[in-house]
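Colleague: Let me begin by handing over the structure; questions about it come next.
Protein chains: 2
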Amino acid sequence: MTAEQNIIYDVVGIGNALVDVLAKVSDKFLTERGLTKGSMTLVDAKTAGLIYNDMIAEREVSGGSVANTMAGLAALGNDCAFIGKVYDDELGQKFKRDIGRIGIDFETEPLLKGPATGRSIVLVTPDAERSMFTYLGAAKLLCAADIDENVIAMAKYVFLESYLWDFEDSKEALFKAAKLAQKHGRKVALTLCDVNYVVAHRNEMRPFIEEYVDLLFANENEIKALFDTQDLDVALDKIKSMIEIAAITRRNKGSVVVSGKIKTFVEAEKVEDVVDSSGAGDLYAAGFLHALLEDKPLGICALIGGIVASEVITHYGARPETSLKSLIRKKLMQYMQNS
Amino acid sequence: MTAEQNIIYDVVGIGNALVDVLAKVSDKFLTERGLTKGSMTLVDAKTAGLIYNDMIAEREVSGGSVANTMAGLAALGNDCAFIGKVYDDELGQKFKRDIGRIGIDFETEPLLKGPATGRSIVLVTPDAERSMFTYLGAAKLLCAADIDENVIAMAKYVFLESYLWDFEDSKEALFKAAKLAQKHGRKVALTLCDVNYVVAHRNEMRPFIEEYVDLLFANENEIKALFDTQDLDVALDKIKSMIEIAAITRRNKGSVVVSGKIKTFVEAEKVEDVVDSSGAGDLYAAGFLHALLEDKPLGICALIGGIVASEVITHYGARPETSLKSLIRKKLMQYMQNS
Chain A
1 MTAEQNIIYD VVGIGNALVD VLAKVSDKFL TERGLTKGSM TLVDAKTAGL
51 IYNDMIAERE VSGGSVANTM AGLAALGNDC AFIGKVYDDE LGQKFKRDIG
101 RIGIDFETEP LLKGPATGRS IVLVTPDAER SMFTYLGAAK LLCAADIDEN
151 VIAMAKYVFL ESYLWDFEDS KEALFKAAKL AQKHGRKVAL TLCDVNYVVA
201 HRNEMRPFIE EYVDLLFANE NEIKALFDTQ DLDVALDKIK SMIEIAAITR
251 RNKGSVVVSG KIKTFVEAEK VEDVVDSSGA GDLYAAGFLH ALLEDKPLGI
301 CALIGGIVAS EVITHYGARP ETSLKSLIRK KLMQYMQNS
Chain B
1001 MTAEQNIIYD VVGIGNALVD VLAKVSDKFL TERGLTKGSM TLVDAKTAGL
1051 IYNDMIAERE VSGGSVANTM AGLAALGNDC AFIGKVYDDE LGQKFKRDIG
1101 RIGIDFETEP LLKGPATGRS IVLVTPDAER SMFTYLGAAK LLCAADIDEN
1151 VIAMAKYVFL ESYLWDFEDS KEALFKAAKL AQKHGRKVAL TLCDVNYVVA
1201 HRNEMRPFIE EYVDLLFANE NEIKALFDTQ DLDVALDKIK SMIEIAAITR
1251 RNKGSVVVSG KIKTFVEAEK VEDVVDSSGA GDLYAAGFLH ALLEDKPLGI
1301 CALIGGIVAS EVITHYGARP ETSLKSLIRK KLMQYMQNS
């Protein structure tokens, strides 16, 4: 049997299975509690409870970085599976229901004992910046046994999130998935999730990326942190020799893609009113990979990534709420007319 | 009859029909004669004769900026025609023979009275820089009557050189060709040929480009001169709103392509020993347009442009001397293996 005959999925995503609990808060709310703005902080069940009790939860939506990317890909018509750990509780069932409704296969066995389904408390300040306080719960118990070789072998891409690096079990799962992908001749995509995580794990991440990763997603701060530099050009020069494609998001400056001798800068979509930047990077990755799977040029992949990201930042929550397909068609049509 | 049914040529090039007379000289040879290094200077028959008598001509090869580009395109398998003016003398017959041998249709009536076939004395200094002293002769008598509407209507692209701007007759020919291309729904490509020409004509060139040109080729100095700025980014920002695609060559820094929201930087091919940079821009344009005609992504167009340009600078003369097709295949294969 050749490699191609076995393909069932475009992408299998492996990451934290989390439900996002969203609340709008003031900057004061953060400072009073000594909470760091703009990044992701892991909290225990107790701290999560304290924050949760003080705020008014606006919405609960399924989240998780790679899970969001899979949701975007599925909305764009790609065939996806997801591997991640929930507990068999109300939030866990919500996560499974949400991901199933958008057509993503999700067969990881839920925990029947141990910590509850993980949640990310997302506090959105008036500047649309989000600060995340994540209680990982069941998510961090994803382990090597959850990585099904058959599923990896059936997907063109395995899509990993670097949050998995933080715990031995989930890190083992990540390495197992990467090795199986390599064994079966599949591509590996990795998204760097948070600058603090990159700083903590970069000495292990760099050789992992060089050995296993074909496609890297990161924002500007994360890629700079990976190479411990303040200079984006230095970071881009280093990553290009380690990898096939790296796509770096730059907020309102758009994104840049490096691949061998070619470096492509793409302007950001103009967004009138940014409501909540949660999921922007995750959905950029969805749009980019969707276009890449259709063999689009890298500049067009980045453009479509930007279009998809622009949708998710106009509302609360990190999952798309409009037809991404028609949004892309509309934007590309406008774009053709203007050029 | 729809537009597509009528296509016979990929590209019809319109430019100066010149024969290049090549000589290796020292820097002193230039300074002693008060000749400006690195650019193109128009000279009269008498000055051309004076330079010619003092030097040892190494080779005579057919040249002319757009004619070189057509030669590259033909070598790459594209169907091309050329429109330009020679006198019915020895050099004119050489020009016609050379261009015919590589399969380019060239039907422009030669002059039977008036100035001789134009020639460009190309003095190559030890740093591989070329300084050109051009006696236009018959070339500048190209006129509107030479632009055959049928030929324009039969080509996907009309490819013009900005040298034509310098004389009323050839400028009329250039405008007529652009207008006919627009009338028949054909694309117009323009190459900016020399920074002095751009400075002299930029106030007329900018509206011409905005109105007629789809694809612009220029080097870094020329595009900056077009907008009277020292800042490449400023120039790129301005050109992108006027045009579909602009491809800007940057010598050993490679090239940059702007198209709408997308800006693509491509590194230069590494060339061990640059012998004569004549024709580098012309052949870059050939490689770029060849790839564009195959609907390749712009980054790949620029990469192939760079590969083709790298061939022509390793020997004297501005026409390719090896199989460009196999060179591209070989380089792209190396490139895939390294990434």
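Keeping their order, the protein sequence lines are chains A and B.
Start counting the first sequence at 1; every next residue gets the next number (my numbering).
Start counting the second sequence at 1001; every next residue gets the next number (my numbering).
Ideal Cβ positions, reconstructed from N, Cα and C, are used throughout, including at glycine.
(1) Hey, out of Met-336(A), Tyr-9(A) and Gly-13(A), whose CA is closest to Leu-174(A)'s CA?
(2) Determine the extent of the beta strand (DSSP E) in which Tyr-1009(B) is found, giving its start and end residues.
(3) In angstroms, rounded to a whole number, what distance separates the CA positions of Asn-203(A) and Leu-136(A)?
(4) Within its chain, find whatever has a CB closer than 7 angstroms to the CB of Pro-110(A); leave out the 5 residues flanking it on each side and keep chain order.
(5) On the three-state DSSP scale, how would you describe Thr-1069(B)?
(6) Using a Cβ-Cβ cut-off of less than 9 angstroms, give me the residues of the segment 262-290 of chain A that come near chain B, in sequence order.
(7) Starting from Tyr-157(A), follow its DSSP beta bridges and name the residues at the other end.
(8) Is the shortest distance between the beta-carbon of Tyr-212(A) and the beta-carbons of chain B less than 8 angstroms?
(9) Using a Cβ-Cβ distance cut-off of 8 angstroms, determine whether Pro-207(A) contacts chain B.
(10) Using the Cα positions of Ser-1039(B) and Val-1124(B), report the straight-line distance between them to the nearest angstrom.
(11) Put Met-1001(B) into one of helix, strand or coil per three-state DSSP.
(12) Could one say the Cβ of Gly-305(A) lies closer than 8 angstroms to chain D's Cβ atoms, at least one of them?
(13) Tell me which same chain residues have a C-beta within less than 6 angstroms of the C-beta of Pro-115(A), skipping the five on either side of it?
(14) For the segment 192-244 of chain A, list the alpha helix (DSSP H) runs that are entirely contained and at least 4 residues long, ordered along the chain.
(15) Would Met-1001(B) be called buried (16 or more neighbouring beta carbons within 10 Å of its own) or exposed?
(16) What separation, rounded to the nearest whole angstrom, lies between the Cα atoms of Tyr-157(A) and Leu-236(A)?
(17) Take Val-1266(B) and list the residues in its own chain whose beta-carbon comes closer than 7 angstroms to its own, dropping the five residues that flank it on each side.
(18) Counting contacts by CB-CB distance shorter than 8 angstroms, is Val-185(A) in contact with chain B?
(19) Given this structure, state the Cα-to-Cα distance separating Phe-288(A) from Lys-1330(B), to the nearest angstrom.
(20) Apart from the five residues on each side of it in sequence, which residues of its chain come closer than 6 angstroms, Cβ to Cβ, to Asp-105(A)?
(21) Starting from the beta carbon of Leu-298(A), find every residue of chain B whose beta carbon is closer than 8 angstroms, and list them in chain order.
(22) Quick check on Met-336(A): buried or exposed, where buried means 16 or more other Cβ atoms within 10 Å of its Cβ?
(23) Rounded to whole angstroms, how far is the Cβ of Lys-944(B) from the Cβ of Leu-1030(B), which I believe are closer than 8 angstroms?
(24) Which word fits Met-1333(B), buried or exposed, when buried means at least 16 other C-beta atoms lie within 10 angstroms of its C-beta?
(25) Is Ser-1131(B) helix, strand or coil by DSSP?
(26) Counting C-beta neighbours from all protein chains within 10 Å, is the total for Glu-211(A) 16 or more, i.e. buried, or is it exposed?
(27) Assuming Arg-1119(B) contacts Val-1019(B) under a Cβ cut-off of 8 angstroms, what Cβ separation, rounded to an integer in Å, is found between them?
(28) Could you name the residues of the same chain whose beta carbon sits closer than 7 angstroms to that of Asn-6(A), not counting the 5 residues immediately before and after it, in chain order?
(29) CB Leu-35(A) to CB Phe-133(A), shorter than 8 angstroms?
(30) In the DSSP assignment, what residue or residues form a beta bridge with Val-40(A)?
(31) Helix, strand or coil for Leu-366(A) per DSSP?
(32) Determine the direct distance from the alpha carbon of Ala-1286(B) to that of Gly-1077(B), and round the result to whole angstroms.
(33) Are the CB atoms of Gly-1100(B) and Ala-1074(B) nearer to each other than 8 angstroms?
(34) If you measure between the beta carbons of Phe-1095(B) and Ser-1065(B), is that distance less than 8 angstroms?
Modeller: This is what the structure gives:
(1) Ranking Met-336(A), Tyr-9(A) and Gly-13(A) by CA distance to the CA of Leu-174(A) puts Gly-13(A) first.
(2) In the DSSP assignment, Tyr-1009(B) falls within the beta strand (DSSP E) that extends over 1009-1014.
(3) The alpha-carbon of Asn-203(A) is positioned some 24 angstroms away from that of Leu-136(A).
(4) The beta carbon of Pro-110(A) sits closer than 7 angstroms to those of Val-86, Tyr-87, Asp-88 and Gly-92, all from its chain and outside the five residues before and after it, given in chain order.
(5) Thr-1069(B): helix per DSSP, three-state reduction.
(6) Residues of the segment 262-290 of chain A with a C-beta atom less than 9 angstroms from some C-beta of chain B are Ile-262, Lys-263, Thr-264, Phe-265, Val-266, Glu-267, Ala-268 and Glu-269, listed in chain order.
(7) Answer by DSSP bridge pairing, in chain order: Val-11(A) and Lys-187(A).
(8) No, its Cβ sits nowhere closer than 8 angstroms to a Cβ of chain B.
(9) Chain B, which has no Cβ nearer than 8 angstroms to the Cβ of Pro-207(A), makes this no.
(10) Cα-Cα distance, rounded: 12 angstroms.
(11) Low local confidence applies: a pLDDT of 43 at Met-1001(B) is under 50, so the model's placement there is unreliable, with the coordinate-based value given in what follows. Reduced to three states, the DSSP call for Met-1001(B) is coil.
(12) Protein chains in the displayed structure are A and B, and chain D is not among them.
(13) A distance below 6 angstroms between beta-carbons, with the five flanking residues on each side excluded, links Pro-115(A) to the following residues of its chain, in chain order: Gly-137 and Ala-138.
(14) Secondary structure remark: continuous alpha helix (DSSP H) runs of at least 4 residues inside the segment 192-244 of chain A, in chain order: 195-212, 220-226 and 232-240.
(15) Only weak support exists for where Met-1001(B) lies, its pLDDT of 43 falling under 50; the value from the coordinates is given anyway. Result: exposed.
(16) Approximately 23 angstroms between the Cα atoms of the pair.
(17) The answer, listed in chain order, is Gly-1254, Ser-1255, Gly-1299, Ala-1302, Leu-1303 and Gly-1306.
(18) The residue asked about is misnamed: residue 185(A) is Gly in this sequence, not Val. Answer no: the Cβ-Cβ gap between Gly-185(A) and chain B never drops below 8 angstroms.
(19) Here the alpha carbon of Phe-288(A) sits roughly 29 angstroms from the alpha carbon of Lys-1330(B).
(20) These residues qualify, in order along the chain: Ala-81.
(21) Those within 8 angstroms of Leu-298(A) in chain B are Pro-1297 and Gly-1299.
(22) Result: exposed.
(23) No answer is possible for residue 944(B): the residues shown for chain B start at 1001 and end at 1339.
(24) Under this definition Met-1333(B) is an exposed residue.
(25) Three-state result, Ser-1131(B): strand.
(26) It is exposed - the Cβ of Glu-211(A) has fewer than 16 other Cβ atoms within 10 Å.
(27) Correct: roughly 5 angstroms between the Cβ atoms.
(28) So the qualifying residues of the chain are Ala-153 and Met-154.
(29) Yes; because the gap between Cβ atoms is below 8 angstroms, this pair is in contact.
(30) According to the sequence provided, residue 40(A) is Met. The question's Val does not apply to it. Per the DSSP secondary-structure output, Met-40(A) pairs in a beta bridge with Met-132(A).
(31) Outside the displayed span of chain A (1 to 339) sits residue 366(A), for which this structure offers no information.
(32) In a straight line, the C-alpha of Gly-1077(B) is about 11 angstroms away from that of Ala-1286(B).
(33) Taking the C-beta atoms as reference points, Ala-1074(B) is found no nearer than 8 angstroms to Gly-1100(B).
(34) Taking the C-beta atoms as reference points, Ser-1065(B) is found no nearer than 8 angstroms to Phe-1095(B).
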